[in-house]
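Using the numbering used here, read the sequence shown as starting at 371 and increasing by one per residue.
Okay, so here's the structure we're looking at.
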Amino acid sequence: MTLLDLTPRTATAPRLDALPVVVIGAGPIGLAAAANLVERGIDVVVLEAGEEPAAAVRRWGHIRLFSPWRHLVDPASRRLLEASGWTEPDADAAPTGRELVDAYVAPLAELKPLRSRIRYGSRVLAVAREGMDRTRSAGRETTPFVVRYATADGVVEFAGRQNGYGNVVILQHAGKYSTLYAHQSRIAPGLKKGDRVSQGQVIGYVGSTGWATGPHLHYEFRIAGTPVDPLSVTLPVARKLEPREAKAFAQAVQPYKQQIQMLAQLHQTPLEEPAETVAAR
Ligand SMILES: Cc1cc2nc3c(=O)[nH]c(=O)nc-3n(C[C@H](O)[C@H](O)[C@H](O)COP(=O)(O)OP(=O)(O)OC[C@H]3O[C@@H](n4cnc5c(N)ncnc54)[C@H](O)[C@@H]3O)c2cc1C
């Protein structure tokens, strides 16, 4: 959803073909799914809440699994690993969780075809069919999924009202990265500049304040204050697109490119006296 174009995207098969598959979680199974997709030439993005692969297994790393290695290594993952000189552990031995990570999951995540496709620090919050609700379901099966996720922990840089954005929260992340969440009906009670927020923490509620024609979340990923396409920043596409795919992709991103350019030029002036502040609630 965007500030300027609230029309549901046209669902076409070529558009679906041009979009990646999203795998939630870089655990042993999530990475095996990604390896199978890569092997089939299907683009994939892995969203992992933790800062490293198999974050869940690491929590019980000292415990020994009941399964031996022969039942733990996925065949497609084995093929990818072996091509990089990996040696499979003793098939009859059962590893601890830590050994499973160190000898298999972590090396798999580091392989070139997978490494650039995994986004750490990305906790999935919701998954829905794009533009669909209970009253609009025609063409549901050919409509892409929208996956919403919290990018990372951050510090509140701004929480209040700006004219075009309405109720808006801007979070500063590590380095020059920031994210913006606009048109909120209200900001989470007490949230104010300087607060540290964690992944998954509620920072506000969807609404249509500011220049919005209907309730939606306007999201921006910014580098040094300039909105950019997050996909182009964090997800280099390793596979060259077929001409048909490239054409469909160019058509799909054109409206977003225009909007990002306009947003980059848009001068957002904070109101001197915010009509509503979160700290007052
Ligand atoms: C003590 C113990 C012993 C076990 N022994 C065995 C055994 O011997 N054999 C066996 O087959 N299984 C065993 N299991 C089960 C084992 O955990 C699973 O088989 C395996 O870890 C499943 O892998 P997975 O990738 O599906 O899930 P997980 O390992 O749970 O990985 C899920 C990943 O998703 C991430 N994640 C979670 N929520 C989100 C979100 N909202 N957004 C983004 N990322 C998210 C997590 O951080 C995690 O990295 C054992 C489990 C335990 C606790």
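C-beta: ideal position from N, C-alpha, C; glycine also.
As the structure is a prediction and not an experimental result, all values here were calculated from the model.
Cβ-based burial, residue i [other Cβ within 10 Å; buried from 16]
i	result
F591	buried
W439	buried
V538	buried
L633	buried
V415	buried
I557	buried
F528	buried
P559	exposed
P398	buried
Y547	buried
T505	exposed
L495	exposed
V607	Note that V607 scores a pLDDT of 40, beneath 50, so its modelled location is shaky and nothing firm can be said.
R485	exposed
Y575	exposed
T513	buried
G530	buried
R510	exposed
H432	exposed
A618	buried
T457	exposed
A520	buried
S437	exposed
R428	buried
P465	buried
G595	exposed
Terminal residues of the beta strand (DSSP E) in which residue i lies
i	result
P445	Taken as a continuous stretch (DSSP letters only), P445 belongs to no beta strand (DSSP E), being part of the alpha helix (DSSP H) at P445 to E452.
G536	G536 to Q542
R518	F515 to A520
L417	V414 to L417
T549	Y547 to Q554
A496	R493 to R499
Residue i in three-state terms, based on DSSP
i	result
L407	helix
L435	coil
D523	coil
D387	helix
Q631	helix
L504	The question names Leu, but residue 504 is Arg in the sequence shown. Coil at R504, not helix or strand.
L401	helix
R510	helix
R440	helix
A529	strand
V489	Note on identity: in this sequence residue 489 is Arg, with Val being the wrong assignment. Strand at R489.
Residue span of the alpha helix (DSSP H) that contains residue i, given as start and end
i	result
G467	G467 to L470
V427	A425 to R428
A479	A476 to E480
Presumed contact (8 Å Cβ cut-off) between residue i and residue j, rounded CB distance
i	j	result
Q554	G577	5 Å
N533	G580	7 Å
A419	R489	The pair is not a contact, with the Cβ atoms about 10 Å apart (cut-off 8 Å).
L442	Y474	7 Å
L435	L470	6 Å
V516	A498	5 Å
message: Which runs of the beta strand (DSSP E) at least 3 residues long sit entirely within the segment 557-623? Give them in chain order.
response: 588-593 and 596-598
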